[in-house]
Amino acid sequence: MKPGERATYKPGEAESGVLELTSQGQYRLQMLESSSLEPIQVSDKAILMLDHVPEAAGGGNTVSVSKDDRRYVCYSADGKLRYGTIAEEEDFLTGDVTLKNETIELDIADVGGERPEFLLQTARGNDILLAWKSGQMVRFVRENPEDGSGYRLAPAEKIDLLPDTDAELTVCEFILGRETVFVGDSDGGASGWFLVRAAETDEPELRDRKTSDGFTLARVHVLESAPGEAVTTMRASERSRMIVVGYASGRFRVYHMTTERLVLDRHLPSKEPVVAALITPKDDGLLVESTQGISLWHFDPRHPEITVAAAILPVWYEGYPQPRQIWQSSSAGVEPEMKLGLYPLISGTLKATFYSMLFGAPIALLAAIYTSEFTTYKVRTFVKPTVEMMASLPSVVLGFLAAIVFAPVVESFLAFFLTTIVVVPLTFITAAMLWQLMPRRIGLILESWRLWFMIPALMLGLGVSYLLGPTVEQIAFDGSVKLWLDGRGTGVVGWLMLLLPLAGIFAFFANGAFINPYLRAHAVKWTRSQFALMSLIKFAGLVLLTFALAYGLSVLFYWLPTLFGGAAWDPRGTFVDSYAQRNSFVVGFVMGFAVIPIIYTIADDALTTVPKHLRSASLGCGATPWQTTVRVVIPTAMSGLFSALMIGLGRVVGETMIVLMAGGNTPVTDWNIFSGFRTLSATIAIELPEAVENSTHFRMLFAAALVLFVITFIINTAAEIVRLRFRKRAYQL
420 MKPGERATYK
430 PGEAESGVLE
440 LTSQGQYRLQ
450 MLESSSLEPI
460 QVSDKAILML
470 DHVPEAAGGG
480 NTVSVSKDDR
490 RYVCYSADGK
500 LRYGTIAEEE
510 DFLTGDVTLK
520 NETIELDIAD
530 VGGERPEFLL
540 QTARGNDILL
550 AWKSGQMVRF
560 VRENPEDGSG
570 YRLAPAEKID
580 LLPDTDAELT
590 VCEFILGRET
600 VFVGDSDGGA
610 SGWFLVRAAE
620 TDEPELRDRK
630 TSDGFTLARV
640 HVLESAPGEA
650 VTTMRASERS
660 RMIVVGYASG
670 RFRVYHMTTE
680 RLVLDRHLPS
690 KEPVVAALIT
700 PKDDGLLVES
710 TQGISLWHFD
720 PRHPEITVAA
730 AILPVWYEGY
740 PQPRQIWQSS
750 SAGVEPEMKL
760 GLYPLISGTL
770 KATFYSMLFG
780 APIALLAAIY
790 TSEFTTYKVR
800 TFVKPTVEMM
810 ASLPSVVLGF
820 LAAIVFAPVV
830 ESFLAFFLTT
840 IVVVPLTFIT
850 AAMLWQLMPR
860 RIGLILESWR
870 LWFMIPALML
880 GLGVSYLLGP
890 TVEQIAFDGS
900 VKLWLDGRGT
910 GVVGWLMLLL
920 PLAGIFAFFA
930 NGAFINPYLR
940 AHAVKWTRSQ
950 FALMSLIKFA
960 GLVLLTFALA
970 YGLSVLFYWL
980 PTLFGGAAWD
990 PRGTFVDSYA
1000 QRNSFVVGFV
1010 MGFAVIPIIY
1020 TIADDALTTV
1030 PKHLRSASLG
1040 CGATPWQTTV
1050 RVVIPTAMSG
1060 LFSALMIGLG
1070 RVVGETMIVL
1080 MAGGNTPVTD
1090 WNIFSGFRTL
1100 SATIAIELPE
1110 AVENSTHFRM
1120 LFAAALVLFV
1130 ITFIINTAAE
1140 IVRLRFRKRA
1150 YQL
């Protein structure tokens, strides 16, 4: 024998096999063994149709079923539908194996008068589909009544598989996974149907259907039709969602069911009707049978699992009540659909960027303004190198600390951290107001130590937050922040959290437009202490106004829909929702520390390069240092400040290790600050080393990298345009 040759091998009369010599010089013997048990009598009449859920065989159009629970359904000539389970029982003494059969019978005479043409059973064996040539289908479910009478089959719904057409049903078969049903008709139409939960779908037609189990069969995928060419056969791939469809005209097509993509469209040279068709196990060929024989066709489907629309638009996947944008690149088997929507990754990237910049950008810019304009040179030479040294912390260390240390601490003291966000800034501003009440002589002596007095104010703010935390949690969050996020209590506090910053902005502009002009008009005869006291009173009034306005609007927004007969408008489920330990709140806090040194350094350099004569001219005209900073220095340095923000934004967009370790890596699309996310960079870092080269998954990861590049390119381009515009305005000074 030569390598690769095969020969028949017969060691005995009852045994035979195939002997092959491999290229390594070894002999390989392949022998077929089969065994069968005694048959089971299911019906006295002939069985006309039978379907069963086969055991898993390493893939293919199968699902895993226990040997002790083989499920089948059959239709016999007596007009009865039988649903049964077969279990193997082994005799402990003799080792003989027998089959135990339990059957449920149902007479379908009342359901459909004619003999059905198709009988199918879903993967889990709980739903039985019976279809007629007219396109009518009845779905039966297995029920266990409360009266203890045992399991029975009951009709769940009756639907028309061929609405708006007079064609006949010619093909009705499952594709891979036994959940989606392919439907073909005599007019060349082809579609895919699967069960959805009626109450959760957005389709009015499906939501209004009344079924016994709450599920309904929905036509989800409509494939490109071949008008006038009857569908004669369909066979699903054993490893993907591709199907081959044969027509009476000799045409055969390959579709991908999930993306509804037409992969291949060919005709048999003889134009004879296609009797049967098969996709080869490796999805690289077709076997097409007609009345004149079988032909083999080689083809390369490339990557039918993904299209531009499937990557950026919602796709209706099995098991979901409506189209979704999902990223799920791996699964436990070949049956689940590959979900490679990029939107969850883009959304996660933008979410991480937003919350990180929301925390880091204000602190960095305000710190740069303070050290540049309001501190002494000696303090600035100490603070700036210290902040810049923060940039030396590796992001992997920050991510590790965020995941292992910060995230559990924040979860345990969530009320304290939420209270800190409000109390600490108020403490700083109150301390600044009290500083103004200090006698002028003492204030001048302590002027150079003003920065260090912020530390006691910080400690006081943290202490007050720690003491108020349990009280705030008990009153505002009904005893538990996490349980409140899950739905306990009312949503008024949720609106308060969202509206408080907006109310603060309104109070700020109201102060500048109405209160300050009045005070300036009447403060001519006031002493410095009187003006400082009035400023403190004004600040307290603005704080009360902010909280009162935010609370009033919160109550109004929450209860207003109830006045018109609707449900209360609860903000939970949008920017606030269920709590996850690794979330955007933690990532924003930690990533803010990573981006603060970059923004601070560039912003400080931009502010210090503003010419001294501009400051001197402003101060000489009677402007205060704050007025000089806001109206002269910042506008002049705006191009540099904007560049600092954009560079920090680019740093956040491309960050990998912090979001990888502390973001939860959950590809969700919500903007809940207390939930996780998955970014483009983290997905590339995790999945690219394990992706099969040149696979669809591999190529989609490169597409994700391209999207990340496009995002950063757009941000940098916009930043450069705005920076040049600000620089042009600054040169005019």
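In this note's numbering, the protein residues as written are 420 to 1152.
Positions of the beta carbon are idealized from the N, C-alpha and C atoms, including for glycine.
TRP385 lies in the alpha helix (DSSP H); which residues open and close that run? Nothing can be reported for residue 385: it is not among the residues displayed for the chain, which extend from 420 to 1152.
Is PRO646 helix, strand or coil when you go by DSSP? Per DSSP, reduced to three states, the secondary structure at PRO646 is coil, with no helix or strand assignment.
Under the three-state reduction of DSSP, which class applies to TRP735: helix, strand or coil? In this structure, DSSP gives TRP735 a state outside helix and strand, which the three-state scheme calls coil.
Sort out for me which residues DSSP pairs GLN540 with in a bridge. Answer is ILE547, bridged to GLN540.
Inter-residue Cα distance where the pair is GLU533 and GLN540: Cα to Cα, GLU533 sits roughly 20 angstroms from GLN540.
If you run the structure through DSSP and keep just helix, strand and coil, what is LYS552? Of the three classes helix, strand and coil, the one that applies to LYS552 here is coil, per DSSP.
Taking the Cβ atom as the reference point for each residue, do LEU683 and ALA696 lie within a distance shorter than 8 angstroms? No. Outside cutoff.
Specify, as a first and last residue, the run of the beta strand (DSSP E) that VAL492 falls within. Per DSSP, VAL492 belongs to the beta strand (DSSP E) from 489-495.
I need the straight-line Cα distance from VAL694 to LEU1079, nearest angstrom please. Each residue's alpha carbon lies about 53 angstroms from the other.
For the segment 683-729, which segments carrying the alpha helix (DSSP H) assignment without a break, of at least 4 residues, lie completely within its bounds, in sequence order? Here no run is fully enclosed.
So, ALA374 versus VAL1009, is the Cβ gap smaller than 8 angstroms? Lying outside 420 to 1152, the shown extent of the chain, residue 374 is not represented and no answer is given.
Taking C-beta to C-beta, are THR772 and VAL1005 nearer than 8 angstroms? With a cutoff of 8 angstroms on beta-carbon distance, THR772 and VAL1005 are scored as not near each other.
How many Å lie between SER1156 and GLY1011 at the Cα? Residue coverage of the chain in this structure runs from 420 to 1152, which leaves residue 1156 outside it and unanswerable.
Could you pull out every residue in the same chain whose Cβ sits closer than 6 angstroms to the Cβ of SER668, ignoring the five residues on either side in sequence? Only GLU648 meet the Cβ criterion.
Report yes if the CB atom of SER971 is closer than 8 angstroms to the CB atom of PHE778, and no otherwise. In the sequence on display, residue 971 carries Gly and not Ser. Taking 8 angstroms as the cut-off, the beta carbon of GLY971 is found no closer than this to the beta carbon of PHE778.
Give me the Cα-Cα distance between PHE872 and THR768, rounded to the nearest whole angstrom. Computed Cα separation, rounded: 38 angstroms.
Taking the Cβ atom as the reference point for each residue, do MET852 and PHE958 lie within a distance shorter than 8 angstroms? If you check the CB distance, MET852 and PHE958 come in under 8 angstroms.
Check whether the segment 976-988 touches the segment 921-928, taking contact to mean three or more Cβ pairs, one atom from each stretch, closer than 8 angstroms. Verdict: no, contact absent.
THR677 versus ILE594, ASP627, LYS701, residue with shortest Cα-Cα distance: Of the residues ILE594, ASP627, LYS701, the one whose Cα lies closest to the Cα of THR677 is ILE594.
N-terminal and C-terminal residue of the beta strand (DSSP E) that TYR789 is part of: Judged by DSSP secondary structure, TYR789 falls outside any beta strand (DSSP E) and instead within the alpha helix (DSSP H) spanning 762-792.
I think LEU1033 touches VAL1051, with their Cβ atoms under 8 angstroms apart; what is that distance to the nearest whole Å? That belief holds up - the Cβ atoms of LEU1033 and VAL1051 are roughly 5 angstroms apart, short of 8 angstroms.
Evaluate the contact criterion for the segment 735-743 versus the segment 1090-1100: three or more CB pairs, one atom per stretch, below 8 angstroms. At 8 angstroms Cβ cutoff, the stretches do not touch.
Would you check if there are 3 or more beta carbon pairs closer than 8 angstroms linking the segment 785-796 to the segment 1015-1023? These segments touch.
I'd like the ranges of any beta strand (DSSP E) spanning at least 3 consecutive residues and lying wholly in the segment 600-650. Annotation note: the segment 600-650 contains the following uninterrupted beta strand (DSSP E) runs of length 3 or greater, listed N- to C-terminal: 600-604, 609-616, 634-642.
Near ASP897, what residues of its chain come up, given a Cβ to Cβ distance below 7 angstroms and the 5 sequence neighbours on each side ignored? These residues qualify, in order along the chain: TRP903, ARG907, GLY908.
Identify, in the order they occur along the chain, each residue of the same chain with its Cβ nearer than 6 angstroms to the Cβ of VAL842, setting aside the five sequence neighbours on each side. Counting only Cβ-Cβ distances below 6 angstroms, and skipping sequence neighbours, we find GLY880, VAL883, SER884.
In its own chain, which residues sit with a C-beta less than 7 angstroms from the C-beta of LEU1068, not counting the 5 before and 5 after it? When the five nearest sequence neighbours on each side are left out, the beta carbons in the same chain lying within less than 7 angstroms of the beta carbon of LEU1068 are those of THR772, MET776, ILE1134, in order along the chain.
Indicate whether ALA834 and GLY888 have their beta-carbon atoms separated by less than 8 angstroms. A contact, by the Cβ cut-off of 8 angstroms.
Paired residues, beta bridge with SER562 - DSSP: Checking the sequence shown, residue 562 turns out to be Glu, not Ser. GLU562 is bridged to ARG571.
When burial is assigned at 16 or more other CB atoms within 10 Å of the CB, is PRO688 buried or exposed? That one is exposed.
Which residues in the same chain have their Cβ closer than 7 angstroms to the Cβ of LEU915, if we skip the five residues on either side of it in sequence? Within the same chain, and ignoring the five residues on either side of LEU915 in sequence, the residues whose Cβ sits closer than 7 angstroms to its Cβ are ALA969, TYR970, SER973.
Would MET661 be called buried (16 or more neighbouring beta carbons within 10 Å of its own) or exposed? Buried.
According to DSSP, simplified to helix, strand and coil, what is ARG363? Because the chain is modelled from 420 through 1152, residue 363 falls outside the range shown and cannot be assessed.
For the structure I just gave you, are there three or more beta carbon pairs, one from the segment 570-587 and one from the segment 627-637, closer than 8 angstroms? Remark: three or more beta-carbon pairs, one from each stretch, lie closer than 8 angstroms, so the segment 570-587 and the segment 627-637 are flagged as touching.
Reference SER455; option with closest CA among ASN1002, THR1115, LEU518, THR1136: Ranking the options by Cα distance to SER455, first place goes to LEU518.
Taking only the alpha-carbon atoms, compute the straight-line gap between ALA609 and GLY603 and give it to the nearest angstrom. Their backbone Cα atoms lie some 5 angstroms apart in a straight line.
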